[in-house]
Each structure stands twice: as structure tokens, then as C-alpha cells.
Amino acid sequence: MPNQLWRLTYTSRRTCRPAVADAEIANIQSVASQYNRRAGLVGALVASNTRFAQVLEGPRDALERIFERICCDTRHDDVLVIGYGPAETKAFTDFQLVALDYDAEEIGESQTAGEAMLAHLQASMNRLEPSSAPVMR
Amino acid sequence: MSITQRIDLDGATEIDWTNLPWGQAESPEILRRLQRSFQLAQEVGRIGLFEIDMRTGVTYANPVFFEHFGMPRDRMCLSAEELRRMVHPDDRAAMRSFLLEMTHSIDLGGVEFRAITAAGDVRWISVRSRVERDADGAAVMAYGIQQDITDRRTAEDEVRFIASHDILTGLANRKLFQDVLKRQMPSASDNRPAGLILIDLDLFKQVNDTLGHPIGDALLRAAAGRLKSLLPTDALAARLGGDEFAIWLPGSSSAVADALADRIVNLFRRPFLLLGNVVEISASAGVAVAPHDASDPDMLMRVADLALYSAKTAGRSGWRRFDPGMDNAARERQQMTQDLRRALALGALRLDYQPLVGAGSRSVAGFEALVRWDRPGHGLVPPDQFIPLAEATGLMVSIGEWVLNAAIHEAMRWPESLRIAVNLSFRQLEDGDRLVAAVAAALAESGLNPGRLELELTENGLTQAGPDSMRHLHRLRALGVRIAIDDFGTGHSSLSRLLDFPFDSIKVDKSFVAGLGTNEKAGALVRSIAALARSLNVNAVAEGVETPEQAMLARHDGFTQIQGYLISRPMAGGAIDAYLQALDTAKSQNGTL
Numbered sequence: 034m035p036n037q038l039w040r041l042t043y044t045s046r047r048t049c050r051p052a053v054a055d056a057e058i059a060n061i062q063s064v065a066s067q068y069n070r071r072a073g074l075v076g077a078l079v080a081s082n083t084r085f086a087q088v089l090e091g092p093r094d095a096l097e098r099i100f101e102r103i104c105c106d107t108r109h110d111d112v113l114v115i116g117y118g119p120a121e122t123k124a125f126t127d128f129q130l131v132a133l134d135y136d137a138e139e140i141g142e143s144q145t146a147g148e149a150m151l152a153h154l155q156a157s158m159n160r161l162e163p164s165s166a167p168v169m170r
Numbered sequence: 047m048s049i050t051q052r053i054d055l056d057g058a059t060e061i062d063w064t065n066l067p068w069g070q071a072e073s074p075e076i077l078r079r080l081q082r083s084f085q086l087a088q089e090v091g092r093i094g095l096f097e098i099d100m101r102t103g104v105t106y107a108n109p110v111f112f113e114h115f116g117m118p119r120d121r122m123c124l125s126a127e128e129l130r131r132m133v134h135p136d137d138r139a140a141m142r143s144f145l146l147e148m149t150h151s152i153d154l155g156g157v158e159f160r161a162i163t164a165a166g167d168v169r170w171i172s173v174r175s176r177v178e179r180d181a182d183g184a185a186v187m188a189y190g191i192q193q194d195i196t197d198r199r200t201a202e203d204e205v206r207f208i209a210s211h212d213i214l215t216g217l218a219n220r221k222l223f224q225d226v227l228k229r230q231m232p233s234a235s236d237n238r239p240a241g242l243i244l245i246d247l248d249l250f251k252q253v254n255d256t257l258g259h260p261i262g263d264a265l266l267r268a269a270a271g272r273l274k275s276l277l278p279t280d281a282l283a284a285r286l287g288g289d290e291f292a293i294w295l296p297g298s299s300s301a302v303a304d305a306l307a308d309r310i311v312n313l314f315r316r317p318f319l320l321l322g323n324v325v326e327i328s329a330s331a332g333v334a335v336a337p338h339d340a341s342d343p344d345m346l347m348r349v350a351d352l353a354l355y356s357a358k359t360a361g362r363s364g365w366r367r368f369d370p371g372m373d374n375a376a377r378e379r380q381q382m383t384q385d386l387r388r389a390l391a392l393g394a395l396r397l398d399y400q401p402l403v404g405a406g407s408r409s410v411a412g413f414e415a416l417v418r419w420d421r422p423g424h425g426l427v428p429p430d431q432f433i434p435l436a437e438a439t440g441l442m443v444s445i446g447e448w449v450l451n452a453a454i455h456e457a458m459r460w461p462e463s464l465r466i467a468v469n470l471s472f473r474q475l476e477d478g479d480r481l482v483a484a485v486a487a488a489l490a491e492s493g494l495n496p497g498r499l500e501l502e503l504t505e506n507g508l509t510q511a512g513p514d515s516m517r518h519l520h521r522l523r524a525l526g527v528r529i530a531i532d533d534f535g536t537g538h539s540s541l542s543r544l545l546d547f548p549f550d551s552i553k554v555d556k557s558f559v560a561g562l563g564t565n566e567k568a569g570a571l572v573r574s575i576a577a578l579a580r581s582l583n584v585n586a587v588a589e590g591v592e593t594p595e596q597a598m599l600a601r602h603d604g605f606t607q608i609q610g611y612l613i614s615r616p617m618a619g620g621a622i623d624a625y626l627q628a629l630d631t632a633k634s635q636n637g638t639l
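First to last, the sequence lines map onto chains A and B. The numbering used here numbers the first residue of the first sequence as 34 and each following residue consecutively. The numbering used here numbers the first residue of the second sequence as 47 and each following residue consecutively.
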């Protein structure tokens, strides 16, 4: 099933100081959307002042390649895969970037912030079916 | 001049030279035919011919020569400057010294160089040429041939690449890495130090075993990619073998090396997505700096390895910078290994035996053999110190076999009703063929009833021993031997996987038994394990029973057997007869009361 659609969801913590964050967001927007279009990937990236949450959909190989690039990026840390597996239908039609203007610290515990962002992501998807792959720890 | 002659080769063959075209070179017809053959040879053999006027530097050449440089075939000559520009900048010095040699000293020589063609391609050219000199010895003319050897050089480069690189990851291999170290380490100084980082993937074996080799390979490739993404220029990354990587950092301070090691460990904590799986591993790293930590490459590798070992034993997913204390610890380990090997060879290991009794009846069901090492000058060494060492150094299989035979030998003296329990190491289970053969031989030689032998494997040992352990355990059981899972509850294996293993007995770890009666959770856990054992129709053994209350609760919770200081400490084989006799006496006395 080489054309099977896969979906990846992860969260991470931003390592950059807020002063440079705006330029960073703009940079991610232009680089990521170009790359994703070429690789046949769609999805959304939500960025708060302190955290990222991202959903990407597309061919498995392309997802695994982009994830290696994402992992080698120094602008974030504590990368956590929330879900990775085959998906029935696409929830996105293109690549969107949403910048949320809140700090995880303001909300309180960072985990809560991550969940709030995921909820936001989920709301922006018309349908998010549960998908998972075996996680080896 | 007539070349017509006959040559008699031992009277066997006669060659008529007049039939060969070059036999009569003065004939215009022959000359024409010679020229035609010569041209064909040049074209088919792609041989470039040239003459260089050594006074003017002008080159006259045939069409193939110009073709080599991507120039029109109908060119006739080339100026010295034009020729110079055709040569790859990196090879111009070599070309200049070749031409100087031809001018001044040698008459026949050759050179291989890269040419840049008119189209901008790089081609490898091989030149052989001869020099003609005037009466004073001054070079007048150089003439020679050249060939395009790009294909050969490319093939050679490929062979060289393959010989010096790891094909799976494209990183340098051990040999290239060591060559570079040897070449570059001497120029490291306190002012301009160089760093070495050794990296080892934690849990790689488990990934290979549980998810398969294709995913293991994909992990190694991804790991190499992450290392490459962190490399400063002029650093070299290598895969030394297995899941072992190395990075050489010429001209890097120890702070730079430390920072990179920290970064690597951090990056490997991030998950990998491999062929549809989310794989989470970690890496450990050891750092050494030249010349501070070592004076030669071998020593540098060794001390970086010690630092890596220290990082691993400190709990993985971390890095350590070498310090001399690690060297002392390694020396002590080495000394201890030597002493242990000696003890094994000299028969200086011995066994103690601890009884297992019925939880209710308290009658002796058997003994567990426990290996003891009295190290000269150090006293009794706890097994948790020397067993891991034996497992790390390959001694364990031999020790395990000695224990097996000695324990069976001892058990042959006991009443037929008593079992003997022998601990197995995961190292023995890894080499399942040898283990099964050793057990079969020990049974055959001793004549012990196989049902009296119980082999104990720790829960962790089962997970460490790899994917074939299940098969080997089945083979052992087919010999009639019993299998027990030891230290149950301390491992990290999933219960469902554990229950797939064929076993006859579950021994619950003493850390849980210690909680009986005091710790609500431990009690609940122990009860559920006993219930599980009952439903599987296997023995449940409580280990480390120390108080009458624990013994009572263990019995109440459904354990079939207990073991621990309350019953008896481990005893020497020679004390067993007296121990059994005393029990008998006590029982008969109780009976008369």
C-alpha cells in the first residue's frame, strides 16, 4: 500500500527566546509550506509562545523523512509523538500555520498547554480518527 | 634493404615475413596500409597522440587527443597556456613537476591528472611520454600518448569508498576512522586539542530482536543522519560496527566536544519513525580529548571507551568525559575478571544450597544451588558483583556449566524426592544449542532423573536473551527438565509476553515478599501473582521469607513453596545430610508428642 495515507501528530517545546520567535514563525511558515507542498504533505502547525503542536498527513515515507528533519531542528526540544498511523481520509487540504498568542506558563502546567494546543488542532480538523502505531519504549 | 628472409624456429614452424604488410615498409602501398591500421588503432583504442615543442611549449596532437578535452577534433595545436588551463587546479602542481622532470632529468615518464573539458566535465587522463634531446642534452621535443582513464578511476574510487566506508550508513568505517586518527592526532596540542566521541545506541539489540532487522537497519541509517546533522566542518563521523559510532573533532576544545556529546544524547532521545513504527531509544556517549587524556590513537580510543562504559553503567542516555578514576575502575574489573577465570580453572568456586519447602507442610522439596566465590585477598565476593562481570566478559557460559554439573553431582547423593534448582544466565540461553547440549550431557552422565532438575531464569534474563529463547526453553523442557521464572516482578517485560514462555514455577522476588503484611500494594500484587500461578497450574514460590508472619501470609495467599532465612540460610553441600536428618528427627519427635 505505497499510496496509503498516514497521519503524524507530535508536540514539542520551543527552545527559542520569544524575542526572535516571530521571525522564527515566519521562517518556518515559508520553509515548511514549500517543503511540504513538494513532498505531498498537508497539515497544520500550531505555535504558542513556548510550544509547538503539529499534524502532518501524507505518504508514510515522506512523513518519516520530514520527521527526521524536524527532529534535527534545534528550535525545539522534548519532541513527543502523540499519534502515528494510517488514516482513512485527509483532514487537511493544505499546510496551515496557526500562531497562538499565549504562554504555556500562563496557562500553568506545560502538559495542559500542550493539550490545549492539541484541542485547538483537533478543532481545526474536520475529522480526526484515532490512529496509532506500536510505540516501543 | 631486403627483409625477405626465413626464420627456422627449431624446424617446427616457418614464418614468411614477406607476407606481413610491414615487411616491406618502403612500398607506398604498405605505408598506406600501415597508416590505415595505425589510425584505426588510435580511434578504436581512443589513444591520443601528441608532440610538444619544448622550446615554444606548443602541443601538436591527433583528433582523439582533442576529443579527450572535449575540443573539436579538427584542432591541430594547443598553446602552453591553453594546455595549463585544461588541467584541474588541484593537479596543476603535479603536472608542473612532471613537465620539469621531463625537461631536466628523465627521458621517459608518465602522469595521471584530471582534465576539465571544454564542457566543464572532469575526466581522468593518463599520459606517457618520451623526450628527445639535442647534442647538449637540452630537451627539444616531448612526444607521447594519452588515454582517458575516467572509468577505471571511478571504479577505483568506488572500491576505495567501499573499502573505507560503512555501506549501510555511508559513514566512514573503522579502518578509515583509525587511519584519520593516526594521521591527525599527532598535530593535536594543548593549544589546539582534538576530541573523540564514542557513541553507542542503548536498546539497539532489543529493536533488532523485537521489530526485525529491516527496522534495525533503518534505525542505524537514521542515527547516522542525526549524527551528520550535528557535525562541524572537518569533523569525521564513523560507524565502527554494530550500533557503535564515533566522531573525530580535530581542533576542538574539550568544551566543544562536551557540548556536542550533550547535543547527541539529547537528539537521540527524540523518537524515530521507522517503516511505520514509532521507535524510542537513547544513546550513551564517552568523550576523550587529545593530548590531555591520551598520547596515541589506541589509548585515546580506549579511554573514550571507558568514558562510554561509565556513561552506560550510570544509567544510559547520558555522556561522560573521561577521567583517570575510570581507568582505575577498569583495571580493577580486569583484575577481578582474571581472578575469576583463575578461580574457575582451579576449581575455587563452590556452591551453597538453600532449601525450598512446602508452604504448608514445611517439608523440603529441594535446594537451590548458589555459586560462591572466595576471592583470595578480598573474601567472599557477592554474586551481584561477579556474575555481571562474568556475563560481560564471556566467562558466564563456562561458569554456568560448572554450576550445572556440580549441582547435579551433589543432588545425586540426595533422596530421590528432592529437586535441585540451578540458575541460568541469559548468556547461556543466548547460545541455546550449547546450553541444551550441556544439560542433556549432564543428565546423561549423572543419570539424574530430569524431573528433579529445575532451571531458573530471571525475568530480565528472559527479555535479554533474545528472540530464540522461547524455542530453547521448549527444547529444554522436552528433555524433561523444569523451568522457573526467577525474581518475578522486577523486570520490565510485559506480562502477556512473559506468559508465552513455557515454565513450571514462578518465584516472586523477595522485594515483594518483604512487603507482605506491611505494604498494602505489595500484598495485593503478591496475591494476584499467586492466583495467576494457580490458574496456570504452576508452582508459586515466595522468595526471601524472613518472618513467621510472611510465611503465614504466603501460605494464606496461595503460595505452594517458600524459601528464605526463616527456613534456612544457604548451606554447604556437606551440611545437607545433617540438616535433613535433623528435620526428620524433629518431625518424628513431633509425631510422638
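Every residue gets a Cβ at the ideal spot worked out from N, C-alpha and C, and that includes glycine.
Exercise. Is the segment 332-341 of chain B touching the segment 260-269 of chain B in the sense that three or more CB pairs, one from each, lie closer than 8 Å?
Worked result: Segments in contact, no.
Exercise. Taking DSSP as the reference, what is the three-state secondary structure of Arg315/B?
Worked result: coil
For this session: Report the three-state DSSP secondary structure of Tyr611/B (helix, strand or coil).
Result: coil
For this session: Figure out for me which residue from Arg362/B, Ser363/B, Asn374/B and Ile327/B has the closest Cα to the Cα of Val349/B.
Result: Asn374/B
Exercise. For Leu321/B, which option in Ala77/A, Phe100/A and Leu74/A has the closest C-alpha, if you only look at C-alpha atoms?
Worked result: Phe100/A
Exercise. Hey, is Pro232/B's beta-carbon within less than 8 Å of any beta-carbon in chain A?
Worked result: no
Problem set entry | Collapsed DSSP secondary structure at Gly563/B in the structure displayed | coil
Exercise. Using a beta-carbon distance cut-off of less than 9 Å, what residues from the segment 310-329 of chain B approach chain A?
Worked result: Asn312, Leu313, Arg315, Arg316, Pro317, Phe318, Leu319, Leu320, Leu321, Gly322, Asn323, Val324, Val325, Glu326 and Ile327
Problem set entry | Interface residues of chain A facing Ser652/B [CB-CB closer than 8 Å] | Missing from the structure shown is residue 652/B; chain B here goes from 47 to 639 and no further.
For this session: Indicate whether at least one CB of chain A lies closer than 8 Å to the CB of Pro271/B.
Result: Inspection of the sequence shows that residue 271/B is occupied by Gly rather than by Pro. By this cut-off, Gly271/B is an interface position.
For this session: Please list the residues of the segment 86-105 of chain A that have a C-beta atom closer than 8 Å to any C-beta atom in chain B, keeping them in chain order.
Result: For the segment 86-105 of chain A, the beta-carbon criterion of a distance under 8 Å to any beta-carbon of chain B is satisfied by Arg93, Leu96, Glu97, Phe100, Glu101, Cys104 and Cys105.
Problem set entry | Short CB-CB distance (under 8 Å) between Ala268/B and chain C | This model lacks chain C altogether; the protein chains it does include are A and B.
Problem set entry | Min CB distance Val114/A to chain B below 8 Å | Among the residues facing chain B, Val114/A is included, as its CB has a counterpart in that chain under 8 Å away.
Exercise. For the candidate residues Val427/B, Val482/B and Arg459/B, whose alpha-carbon lies nearest to that of Gly446/B?
Worked result: Val482/B
For this session: Round the Cβ separation of Pro711/B and Ser299/B to the nearest angstrom and send it over; I've been treating them as touching at under 8 Å.
Result: Here chain B has residues from 47 to 639 only, and residue 711/B is not among them.
Exercise. What residue from Gly116/A, Arg98/A and Ser81/A has the CA that sits closest to Arg71/A's CA?
Worked result: Arg98/A
Problem set entry | Neighbour flag for Tyr68/A against chain B, beta carbons, 8 Å | Closer than 8 Å: no.
For this session: If I'm right that Ile466/B touches Leu499/B with Cβ under 8 Å, what's the distance once you round it to whole angstroms?
Result: 6 Å
For this session: For Glu128/B, collect the residues of the same chain with a Cβ closer than 7 Å to its Cβ; drop the 5 residues on either side in sequence, then sort them by chain order.
Result: none
For this session: Report buried or exposed for Glu89/B, applying the criterion of at least 16 other Cβ atoms within 10 angstroms of its Cβ.
Result: exposed
For this session: On a CA-only basis, which of Met617/B, Phe558/B, Leu629/B and Asp479/B is nearest Ala600/B? Give me that one, please.
Result: Phe558/B
Exercise. Can you tell me where the beta strand (DSSP E) with Pro92/A in it begins and where it stops?
Worked result: Arg84 to Pro92
Exercise. With a Cβ-Cβ cutoff of 8 Å, do Met132/B and Phe112/B count as a contact?
Worked result: no
Exercise. What distance in whole Å lies between the Cβ atoms of Val253/B and Ile261/B, which are believed to be in contact at a cut-off of 8 Å?
Worked result: 6 Å
Exercise. From Leu214/B to Gly118/A, what does the alpha carbon distance come to, in whole angstroms?
Worked result: 26 Å
Problem set entry | Met187/B - DSSP class collapsed to helix/strand/coil | strand
For this session: Could you tell me the boundaries of the beta strand (DSSP E) in which Phe534/B lies?
Result: Its beta strand (DSSP E) spans residues Arg528 to Phe534.
Problem set entry | N-terminal and C-terminal residue of the alpha helix (DSSP H) that Ala350/B is part of | Note, Ala350/B: alpha helix (DSSP H), Pro343 to Thr359.
Exercise. So is Glu178/B buried or exposed if we call it buried at 16+ other beta carbons inside 10 Å?
Worked result: exposed
For this session: Starting from Ala240/B, trace the beta strand (DSSP E) both ways and give me its first and last residue.
Result: Ala240 to Asp248
Problem set entry | Euclidean distance between Cα positions of Glu142/A and His109/A | Interpretation of Glu142/A is limited by its pLDDT of 43, a score under 50 that renders its predicted location unreliable; the figure taken from the coordinates is listed afterwards. Cα to Cα, the separation comes out at about 18 Å.
Exercise. Cα separation between Trp26/B and Leu494/B?
Worked result: No answer is possible for residue 26/B: it lies beyond the span of chain B, which begins at 47 and ends at 639.
For this session: Return the chain-ordered list of same chain residues with a C-beta closer than 7 Å to the C-beta of Ala405/B, the five sequence neighbours on each side being excluded.
Result: Ala600, Arg601, Phe605, Thr606, Gln607 and Ile608
Problem set entry | the segment 423-431 of chain B in contact with the segment 581-594 of chain B per 3-pair CB rule at 8 Å | no
Problem set entry | From Glu502/B, Pro548/B, Ala209/B and Asp630/B, residue whose alpha carbon lies closest to that of Glu589/B | Glu502/B
Problem set entry | C-alpha distance - Val403/B paired with Arg459/B, whole-angstrom precision | 19 Å
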